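Protein chains in written order, with my numbering: chain A, 96 to 416; chain B, -7 to 310.
Okay, structure coming up:
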């Protein structure tokens, strides 16, 4: 029994060990990897991804899945940029309203997603996939395929101003992560996510309104996608439909690689932080050691299969669709 | 199943073709030229790659899974076909088919043996296929040599008596898939797996093998779709088949194969693809912008799933 407990405790630390191992590996191959400048680069690429991945973490904790992030991020980014430019073009003036506005848009899209999933009783992967397509179409319709430029120096300071070598957006994202951690560990809602993911029948039998909780989970995810969209716009200074590209595969890989189980009930936002760092360290490290970046999709694919494989208790499953 | 099916249950089976006829009538009323035979034949031949992909995906949805890798496999196929054409000639087709078969089989093995849900495993395999396509193409759009293309695949681009050869090929492929589904052991087993997998396992059938086969077939058909598309456009690129995934899934579901599997099939997908084709073409007549299509089909997909899904198979909807 003790051995099993020890194995379990060890398994919890595997993602972190993998992260450290990867860093060591890339440093040995190319010492330039281990530098403040490079770490800042990883932080910049990881910041929007972290927000999106944290959002989907809540949904995966409940045992559902959300594949709509590409559409939601695109719509939020585009609307945020349009609102910011329309309200004077600077968050020093009335432009700041665009930030809560974008969060509201994210929440609304998440609510639609959750309601379609819960009320029409459609599996979440298909409901969210469809709505993701709708979101991409919506952002294309809004922009007409054009790019929206943001040149507010105050807003771009999220990227340009650096404290101890890291840009402001990295700290802002850490702040959001702490909020997510608080929601997850210290609110009834957060604990209920685990209850539903762990054993939905029991949660239901205990009188929990599972449908409502699921919708709330999707709303929360939508808000974090909007945060990811804002950081993505801050990083590039551009908002377009392409802003949402690649977030789906990347964020789900991050969550799963970080050790959050796809069946729900285990893991959390800290796991997701580690997962996002693993994915981004691999992406960055492959470039540093001279591999083309288009191998990344393939490597992520192998990674996600391995992570789900290692985290699944196959004895308890008869078959999987 | 009890003998007294409700009226809605019985109507549901006829829904796809009724939809098709009504859509055709609506568009025909707007512009009667739309219903001219040569227009319809042209329209149909434009949708040959989509039809082939959707037919393949039918097998996976038929057993209650999903294949999100089809588009990436088709992308990879266009690149592989273009690259290998000079060296292999018609053999390029064979290479592409085998590549698709292997990619699909990998999804199948990962889903059944490693117990990874199919939407994740196919997403992952799609990522791998995308990487292969990008690597093989050097991230560029490639072009086929005209003479070589005509020599190897000329039979695919011409037409006889006004009927494009690609359309004939597509119908042959549908017929083959239909034969697999209705007259062969794997097809019957697919139906059983979709209807009640525990019963199949309890009957001593090795359901895993058949499920791997379904995914492999889907990958193969996706690659075939990529091949036809690549020959038509005389080139390949790792993003050539972008935008195929949504209409392919829509075609299967609108045709009447529910997400939970077990009913529907290849012929339903044929009708579903025709519905998608007519709706797409009609958007030009009703001057709906191209960007609106994705929104429209996304919504249609939700409606199609919600109305066809068999909720008795899902105690908990996750």
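Glycine residues also receive a C-beta, built at the ideal position from the N, C-alpha and C atoms.
This structure is a prediction, so every number in the text was calculated from the model and none was measured.
Collapsed DSSP secondary structure at residue i in the structure displayed
i, result
"residue 275/A", "helix"
"residue 133/B", "coil"
"residue 299/A", "helix"
"residue 227/B", "strand"
"residue 108/B", "coil"
"residue 242/B", "helix"
"residue 82/B", "coil"
"residue 256/A", "coil"
"residue 262/A", "strand"
"residue 334/A", "strand"
"residue 152/B", "strand"
"residue 397/A", "helix"
"residue 315/A", "helix"
"residue 185/B", "helix"
"residue 290/B", "helix"
"residue 280/B", "coil"
"residue 193/B", "helix"
Residue-level contact to chain B via CB, residue i, 7 Å cutoff
i, result
"residue 243/A", "no"
"residue 399/A", "yes"
"residue 217/A", "yes"
"residue 404/A", "yes"
"residue 389/A", "yes"
"residue 200/A", "no"
"residue 96/A", "Its pLDDT being 47, under 50, residue 96/A is placed unreliably by the model, and the measurement read from it follows with that caveat. No, residue 96/A lies away from the interface with chain B (no Cβ there is under 7 Å from its Cβ)."
"residue 146/A", "no"
"residue 364/A", "no"
"residue 302/A", "no"
"residue 395/A", "yes"
"residue 113/A", "no"
Beta carbon proximity, residue i to chain A, threshold 7 Å
i, result
"residue 35/B", "no"
"residue 303/B", "yes"
"residue 132/B", "no"
"residue 290/B", "yes"
"residue 106/B", "yes"
"residue 293/B", "yes"
"residue 91/B", "no"
"residue 238/B", "yes"
"residue 197/B", "no"
"residue 98/B", "no"
"residue 111/B", "yes"
Residue i: contacting residues in chain B (beta-carbon distance under 9 Å)
i, result
"residue 392/A", "64, 118, 119, 120, 121, 122, 123 and 126"
"residue 211/A", "294 and 298"
"residue 318/A", "Chain B residues near residue 318/A: none, gap ~22 Å exceeds 9 Å."
"residue 357/A", "108, 109 and 112"
Residue i: CB within 6 Å of a non-hydrogen atom of the ligand ATP
i, result
"residue 230/B", "Within the structure as shown, the ligand ATP is missing, as the structure has no ligands at all."
Sequence-distant residues of the same chain with beta carbon closer than 7 Å to residue i, five excluded per side
i, result
"residue 44/B", "162, 165, 213, 216, 217 and 220"
"residue 285/A", "278 and 279"
"residue 239/B", "42, 268 and 289"
"residue 151/A", "161, 164, 316, 346, 347 and 350"
"residue 233/B", "63, 66, 67, 70, 218 and 221"
"residue 186/B", "54, 55, 56, 253 and 254"
Chain-order list of residues whose beta-carbon lies under 8 Å from that of residue i (same chain, five-residue window excluded)
i, result
"residue 341/A", "165"
"residue 96/A", "No answer about residue 96/A holds up, because its pLDDT of 47 lies below 50 and its placement is not dependable."
"residue 188/A", "182"
Per-residue contacts from residue i into chain A (C-beta, under 8 Å)
i, result
"residue 283/B", "232, 235, 236, 239 and 240"
Neighbour-count burial assignment, residue i, 16 or more Cβ in a 10 Å radius
i, result
"residue 200/A", "buried"
"residue 29/B", "exposed"
"residue 388/A", "exposed"
"residue 365/A", "buried"
"residue 21/B", "exposed"
"residue 265/B", "buried"
"residue 260/B", "buried"
"residue 103/B", "buried"
"residue 260/A", "exposed"
Chain-order list of residues whose beta-carbon lies under 6 Å from that of residue i (same chain, five-residue window excluded)
i, result
"residue 318/A", "198, 201 and 202"
"residue 223/A", "161, 162, 163 and 208"
"residue 359/A", "156, 157, 158 and 292"
Contact list for residue i against chain A, beta-carbon separation under 9 Å
i, result
"residue 297/B", "215, 217, 218, 221, 222 and 225"
"residue 251/B", "217, 218 and 221"
Residue i: contacting residues in chain A (beta-carbon distance under 7 Å)
i, result
"residue 102/B", "400"
"residue 115/B", "344"
"residue 310/B", "158, 159, 218 and 219"
Under 8 Å from the C-beta of residue i: neighbouring residues of chain B
i, result
"residue 229/A", "286, 287, 290 and 291"
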